[in-house]
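J.: Residue numbers (the working numbering): 281 to 769.
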Amino acid sequence: MNKPLRRVAIFCGLLILALLVRVNWIQFVQADELKNDAHNRRVAIERYSTPRGNIIVDGKPVTGSTTTDSGDFKFKRTYKNGKMWAPVTGYASQAFDANQLEKLNDGILSGTDDKLFFSRTVDMLTGGKQAGGNVVTTLDAKAQKAAFEGLGDKKGAVAAINPETGAILALASTPSYDPSTFAGMSNKDAEAYNGLQKKNNPDEPMLNRALRQTYPPGSTFKVVTAAAALENGLYDDVDAKTKSPLPYTLPDTSGVELKNEGNIPCKDASLREALRVSCNTVFGKISADLGNKQMMDTAEKFGFNNPEIDTPVRAAESIFPKDNRPQNAMAGIGQASNRATPLQMAMVASAVANGGKLMKPYMVEKLEAPNLNVVQQHTPQKMSQPLTPENAQKIQDIMETVVKSGTGTRAQISGVTVGGKTGTAQHGENNKDNPYAWFISYAKTAQGTPVAVAVVIEGSDTLRDDIAGGQLSAPIAKDVMEAVLAGDK
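#1: If Asp338 sits next to Ala421, beta carbons under 8 Å apart, how far is it from one beta carbon to the other, in whole angstroms?
#2: Ends of the alpha helix (DSSP H) at Trp365?
#3: Quick one: what does DSSP say Ile290 is sitting in, helix, strand or coil?
#4: Quick check on Glu597: does DSSP put it in helix, strand or coil?
#5: Check the C-beta distance from Tyr515 over to Ala509 and give it rounded, since I have them as a contact under 8 Å.
#6: Could you pull the start and end residues of the beta strand (DSSP E) that Asn414 belongs to?
#7: According to DSSP, what are the bridge partners of Tyr716?
#8: Is it the case that the Cβ atoms of Phe719 and Gly749 are separated by a distance below 8 Å?
#9: Out of Phe353, Asn304 and Val504, state which residue places its alpha-carbon closest to the alpha-carbon of Met576.
#10: If you pair each beta-carbon of the region 485 to 492 with each one of the region 640 to 658, do three or more pairs fall below 8 Å?
#11: Using the Cβ count rule (16 or more neighbours within 10 Å means buried), how would you classify Pro496?
#12: Taking the C-alpha atoms as reference points, what is the distance between Thr529 and Gly564?
#13: So who's on the other strand from Met761, going by DSSP bridges?
#14: Can you tell me where the alpha helix (DSSP H) holding Arg489 begins and where it ends?
#15: CA-CA distance, Ala595 and Pro367?
#16: Answer with buried or exposed for Thr798, where buried requires no fewer than 16 other C-beta atoms within 10 angstroms of its C-beta.
#17: For the beta strand (DSSP E) that Arg357 lies in, which residues bound it at each end?
#18: Can you check DSSP and say which residues form a bridge with Gly635?
#19: Would you say Asn560 and Leu526 are within 8 Å of each other, going by their C-beta atoms?
#20: Run through DSSP, which three-state label would Ser373 get?
#21: Excluding five sequence neighbours on each side, which residues of the same chain lie with their C-beta closer than 7 Å to the C-beta of Asp741?
#22: Which residues in the same chain have their Cβ closer than 6 Å to the Cβ of Asn334, if we skip the five residues on either side of it in sequence?
#23: For Pro606, name the three-state secondary structure that DSSP assigns.
#24: Would you check if the region 673 to 690 and the region 442 to 461 touch, i.e. whether three or more CB-CB distances between them fall below 8 Å?
#25: Measure the Cβ-Cβ separation of Pro459 and Thr369 and say whether it is below 8 Å.
#26: With DSSP as the reference, label Leu285 as helix, strand or coil.
#27: Classify Pro730 as helix, strand or coil using the three-state DSSP reduction.
#28: Tell me whether the beta-carbon of Ala633 lies closer than 8 Å to the beta-carbon of Ala732.
#29: Rounded to a whole number of angstroms, what is the C-alpha to C-alpha distance between Glu484 and Ala757?
#30: Assign Ile306 to buried or exposed, taking buried as 16 or more other Cβ atoms, counted over all protein chains shown, within 10 Å of its Cβ.
#31: Determine the extent of the beta strand (DSSP E) in which Leu647 is found, giving its start and end residues.
#32: Would you tell me roughly how many angstroms separate the C-alpha atoms of Asp770 and Gln424, rounded to the nearest one?
#33: Taking the straight line between their C-alpha atoms, what separation do you get for Thr697 and Lys521?
#34: CA-CA distance, Pro601 and Val628?
#35: Thr417: buried (16+ other C-beta within 10 angstroms of its C-beta) or exposed?
What follows is the structure, given as structure tokens:
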């Protein structure tokens, strides 16, 4: 071969080699990146080429699919009682992608996940159409209905957990939205979606308040402060007098007093009495006596300051702040920069109810193939141990006093032991806005403790002077607990 031909042959060989390298690079290295690219329309076409699998509650689907004439898309998502279940399912939209369980489990629901390899292989060999699998949740339909209907037209949220496993039983948020209204590609769908955005709707119906919104927890946080006092040896007898003056002056201030709500017996009150009537002075002083580090350590064992609590939908981080002495005292009564999600406060009640052991919260029990074979099963996991069993029993004892004869009597259930704590958290500059109404609780029977609940009312048409956790939130918690207990019988 002469020299010019040899050069041409080498050049052509290099071109072929470059093509081979490029093809392999695209197929193996960039495959996932290209597959997940927002501009790759083939992914969306494939996602809606067949009916999606379903999200299951109590053995029944709360989702569905219907045929559509949206150009390339053959099917679109439908929802049963979409407003009630939106905080759980999220949405799947031809035009606006997906979120929450719909997004996190899209591969299973659309039938493209590698976990469904065997099912897809059988479909190829038999000529069957690709089908989506199912996401089986831990949710309790009756508890969810009680939570959603209890919130009604009020702005707020409910989170309920099985303390023994961490399974989420209810996750309600109001106001809510119906994902069906923008599941397609039409102008009507776009108008519905845009009307739900914060800039167009200040009530933020698409905000999942149970998981993604934090609030000052108010007096419900006194349960954590009481736990810190016991765990750190500041007090060991819940019926012994505490060293709590009245009035109590915040440390490092020029006479700034921490006040109680109303004329209540808080001077040197025991932990039981202080929790029963909700003494700010007692728990503010406990927080100051323990110091910021010990308070923060205890709060973190309950889940605060953890940015990665996945249910699998990620919850917003609840914050117990690193702060100066007077602000730390205020944080000890659930004010100042102390912030918590409803899920976080349900976790607090859950840990107390479960003998001091906090289980990791989750809402997906298992993933199923189209033929209903289980491809992934959740195993309950211990998250932490905020309390010894002995101290957990002491906190249970005083929380049960709150419901028997304190601020939480509206949560009483006949024949059932209920522990709880009310909270009314200050809100707005100089507390000018209506306060948040909180209630956390658990219910236990001879068979165990199947439920712990947190309720927060962010806004309602109730007069300011009538807003209190015991009045607004406790009845909702009671209804949710009763719904779970009825299902356990």
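From the three backbone atoms N, C-alpha and C, an ideal C-beta is built for every residue, glycine too. Remember, predicted model here, so these are calculated numbers, not experimental data.
T.: So, to answer that:
#1: For a cut-off of 8 Å, the C-beta gap from Asp338 to Ala421 is around 5 Å, short enough to register as a contact.
#2: Gly362 to Thr369
#3: Helix, per DSSP.
#4: coil
#5: 5 Å
#6: Asn414 to Thr417
#7: Tyr716 is bridged by DSSP to Ala705.
#8: yes
#9: In this structure, Val504 is the residue among Phe353, Asn304 and Val504 with its C-alpha nearest to the C-alpha of Met576.
#10: no
#11: buried
#12: The alpha-carbon atoms of Thr529 and Gly564 are separated by roughly 10 Å.
#13: None, per the DSSP bridge assignment.
#14: Arg489 to Arg492
#15: 12 Å
#16: Nothing can be reported for residue 798: it is not among the residues displayed for the chain, which extend from 281 to 769.
#17: Phe353 to Tyr359
#18: For Gly635, which the question treats as bridged, DSSP gives no partner whatsoever.
#19: Between Asn560 and Leu526, the gap from beta carbon to beta carbon reaches 8 Å or more.
#20: strand
#21: For Asp741, the predicted structure reports a pLDDT of 49, less than 50, and the residue's modelled location is therefore unreliable. A value from the coordinates is still provided. Once the five neighbours on either side are set aside, Asp741 has no close Cβ partner at all.
#22: Pro341, Thr343 and Asn414
#23: helix
#24: no
#25: yes
#26: helix
#27: Shown here, Pro730 sits in a strand according to DSSP, grouped into three states.
#28: yes
#29: Roughly 23 Å separates the two Cα atoms.
#30: The residue in question, Ile306, is exposed, as its Cβ has fewer than 16 Cβ neighbours within 10 Å.
#31: Element bounds for Leu647: Val644 to Glu648.
#32: No information on residue 770 is available, as it lies outside the stretch 281 to 769 that the chain covers here.
#33: Cα-Cα distance, rounded: 26 Å.
#34: In this structure, the CA atom of Pro601 is about 17 Å from the CA atom of Val628.
#35: buried
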